[in-house]
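To keep things clear, I will list the structure first and then write my remarks on it.
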Amino acid sequence: MTTKRIERPSVRISLLAMFSVLLLLSAILSKITVTYGAIVFNFVLLTGVLVLKLPYSGTILTLITSILYSFVSPLGPLMLGTFLLKGVTLDIFFVVFKVYRDAYNKKYNIPVIVTAIVLSGIFAGLYQYFFIVVFLHRLVDFGAFIVSTIFLVSIISNIIVGYIVPKYVMPRIDKSLV
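Following this line, the structure appears as structure tokens:
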């Protein structure tokens, strides 16, 4: 019964639209808080991916969000890589380690999910720093200490999100879909 409710195309499209807009709003919050609000973005992204349970849903969500975000960001389409690296990294890990399949059975492999969300944040941060800051000089380079602090906060917040979403949020969502 649970899977039939989400497998309807209209429900999937609605969920994609809802999570894309929520990701856009959380990306704007993250920008305002100088990336320290990224925990909200990662929370919404991981929840959306695990609710949809579709292979490549991370890539689809981040692609839609990056297109929308390019209209409100002074960097425009340059942010496409940052968003897509998050979604693609999640999808690669989730497909290889069968997280999507297990999510249908309401089982969540927390170590794999934590690793995937942490690596997605690291890859997105490396892209943004080396490509946009160092190579293109489109953002201010705040120095090694502040950049390291941002990376450290990102890793810690992603560990927290990667643990809380599958452990506490998804069981409640799964229970409400019965």
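Going by the numbering used here, 95 is the number at position 95 of the sequence shown; the sequence numbering is gapless. Where a beta carbon is used, it is the ideal one built from N, C-alpha and C, also for glycine. Bear in mind the structure is a predicted one, so any value in this text is a computation, not a measurement.
| Asked | Found |
| --- | --- |
| Sub-8 Å separation of TYR108 and MET170 beta-carbons | yes |
| Spatial distance of THR59 from LEU84 (CA atoms) | 6 Å |
| Neighbourhood of ILE132 by C-beta, 7 Å cutoff - its chain only, sequence neighbours within 5 removed | LEU75, LEU78, ARG138 and LEU139 |
| Inter-residue spacing [alpha-carbon to alpha-carbon] between LEU38 and THR115 | Position check: residue 38 holds Ala in this sequence, whereas Leu was assumed. Roughly 17 Å between the two C-alpha positions. |
| Buried versus exposed, by CB contacts within 10 Å (16 or more), LEU50 | buried |
| Alpha-carbon to alpha-carbon, TYR127 and LYS175 | 38 Å |
| Closest by C-alpha distance to ILE113, when choosing among PHE130, ASP91 and PHE123 | ASP91 |
| Whole-Å CB distance - LEU23 paired with PHE41, under 8 Å assumed | 6 Å |
| Cβ shell of MET1 (< 6 Å), same chain only, five flanking positions each side left out | Because MET1 sits at a pLDDT of 41, beneath the cut-off of 50, its placement in the model cannot be relied upon, and the following sentence gives the value as read from the coordinates. So no residue of the chain qualifies. |
| Alpha helix (DSSP H) segments (min. 4 residues) lying fully within the segment 43-97 | 57-70 and 80-96 |
| Distance CB(SER66)-CB(LEU80) smaller than 8 Å | yes |
| As assigned by DSSP and simplified to three states, the class of LEU139 | coil |
| Cβ-based burial, GLY87 [other Cβ within 10 Å; buried from 16] | buried |
| Limits of the alpha helix (DSSP H) - the one that ASN158 falls within | 144-164 |
| The alpha helix (DSSP H) enclosing GLY37, as first and last residue numbers | That residue, GLY37, is in no alpha helix (DSSP H); it is neither H nor E in DSSP. |
| Outcome for ILE110 when other beta-carbon atoms lying within 10 angstroms are tallied against a minimum of 16 | exposed |
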